[in-house]
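Take a look at the structure below.
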Ligand SMILES: NC(=O)c1ccc[n+]([C@@H]2O[C@H](COP(=O)([O-])OP(=O)(O)OC[C@H]3O[C@@H](n4cnc5c(N)ncnc54)[C@H](O)[C@@H]3O)[C@@H](O)[C@H]2O)c1
């Protein structure tokens with residue numbers, strides 16, 4: 013296939029990032045259609061992306077648009093039925109994480125992917141494509157830190173965006189389902205093993221609105237793996253300094269830390285405040301390269317007839333483990349998987 017024609021569903025915060033990437037940064041891809049339930053987003057597609065074939069109805073886009081593939085960047089609860097419909101309509105599918113919001117719908121998406129083996133299904137666990145995470149994995153495979161046995165992950169949204177987090181939290185599924193799916197995927201990826209038990213806690217010290225909405229501000233969870241390895245995840249929404257994503261993988265011969273200081277770039281400012289490293293401010297900024305690289309890989313998989321490394325089963329596992337963490341938080345005891 014010379015050129016892959018893509019229709020995008022959802023042009024919100026992340027949809028706009030993917031749409032711009034497909035338009036301007038992915039060789040061999042062309043954005044030919046767009047769909048959203050928000051009229052303003054369709055105007056954006058027409059005016060900013062020069063995409064005139066727009067739809068408010070997703071199924072109508074699948075039926076009428078000239079597309080080979082869809083990029084699903086809609087609200088998480090829409091993902092699974094949209095995956096099934098796209099595959100049934102003969103389209104390749106890129107879908108944002110999480111795969112689904114419960115295990116049943118993830119299993120239905122698995123069955124659809126299995127039913128159409130000639131179609132590419134790509135799940136947006138883009139951190140695996142981030143140059144630093146990919147490099148860490150390469151070093152682990154080369155034996156640089158021996159046998160990895162502990163992953164510590166931190167993911168804290170900036171305080172500057174806390175109003176949005178508060179607004180979103182009552183419908184987000186809770187802090188683990190909303191925020192931990194990338195870290196859960198990375199733990200499984202780095203350790204090459206599966207979670208058997210999770211114990212999760214949560215607390216709220218700054219914004220009581222999180223608790224009032226049935227969620228919490230900060231979560232901390234421990235994960236036991238089948239081979240005895242350990243995972244630890246700290247998620248939160250009130251980082252004073254910026255968007256803090258940090259991961260450490262500890263092995264028998266050493267350890268690797270990815271962005272121990274979540275720096276904006278390599279510059280250090282020396283002024284009356286001291287020697288200051290500015291921090292990265294948001295996910296589109298921190299993972300700009302990763303969003304491009306994962307979309308390049310999706311398009312390359314279609315053009316070369318290759319299957320991606322990330323599978324639909326990785327999506328189900330991440331959702332299932334996040335649910336176990338949410339259950340542990342609610343019921344105050346460890347949960348077995
Ligand atoms: N990989 C990452 O780092 C990352 C970061 C942020 C969000 N996400 C995921 O991306 C998805 C979108 O997140 P967002 O922050 O852009 O949300 P958003 O609310 O800003 O945008 C979602 C868009 O989907 C559209 N939509 C909803 N239902 C639709 C339907 N049935 N048909 C067509 N369009 C529909 C809405 O118009 C909305 O604009 C979520 O699943 C989220 O979990 C992933």
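Numbering (the working numbering), first residue to last: 13 to 349. Backbone N, C-alpha and C fix where the C-beta goes; we use that ideal spot for every residue, glycine too. Fair warning: this is a prediction, and the values are worked out from it, not measured in the lab.
Other residues of its chain near residue i: CB distance less than 6 angstroms, five sequence neighbours each side excluded
{"i": "residue 239", "result": "205"}
{"i": "residue 341", "result": "212, 214"}
{"i": "residue 236", "result": "208, 209"}
{"i": "residue 77", "result": "19, 45, 65"}
{"i": "residue 125", "result": "133, 324"}
{"i": "residue 248", "result": "168, 230"}
Other residues of its chain near residue i: CB distance less than 7 angstroms, five sequence neighbours each side excluded
{"i": "residue 137", "result": "109, 194, 197, 322, 326"}
{"i": "residue 333", "result": "196, 207, 210, 349"}
Element boundaries [alpha helix (DSSP H), containing residue i]
{"i": "residue 172", "result": "That residue, residue 172, is in no alpha helix (DSSP H); it is neither H nor E in DSSP."}
{"i": "residue 310", "result": "300-316"}
{"i": "residue 125", "result": "115-127"}
{"i": "residue 29", "result": "25-36"}
Environment of residue i [buried if 16+ CB atoms lie within 10 Å]
{"i": "residue 186", "result": "buried"}
{"i": "residue 222", "result": "buried"}
{"i": "residue 36", "result": "exposed"}
{"i": "residue 41", "result": "buried"}
{"i": "residue 94", "result": "buried"}
{"i": "residue 191", "result": "buried"}
{"i": "residue 274", "result": "buried"}
Residues of its chain near residue i, where Cβ-Cβ distance is below 8 angstroms and the 5 sequence neighbours each way are ignored
{"i": "residue 23", "result": "31, 46, 48, 50, 53, 54, 56, 57, 85"}
Unbroken beta strand (DSSP E) run spanning residue i, endpoints
{"i": "residue 267", "result": "266-270"}
{"i": "residue 107", "result": "104-108"}
{"i": "residue 44", "result": "41-47"}
{"i": "residue 20", "result": "16-21"}
{"i": "residue 246", "result": "242-251"}
{"i": "residue 217", "result": "Neither: residue 217 is in no beta strand (DSSP E) and is coded neither H nor E."}
{"i": "residue 234", "result": "230-237"}
Residue i vs residue j beta-carbon contact at 8 angstroms
{"i": "residue 228", "j": "residue 216", "result": "yes"}
{"i": "residue 27", "j": "residue 156", "result": "no"}
{"i": "residue 199", "j": "residue 174", "result": "no"}
{"i": "residue 292", "j": "residue 276", "result": "yes"}
{"i": "residue 251", "j": "residue 169", "result": "yes"}
{"i": "residue 79", "j": "residue 307", "result": "no"}
{"i": "residue 103", "j": "residue 81", "result": "yes"}
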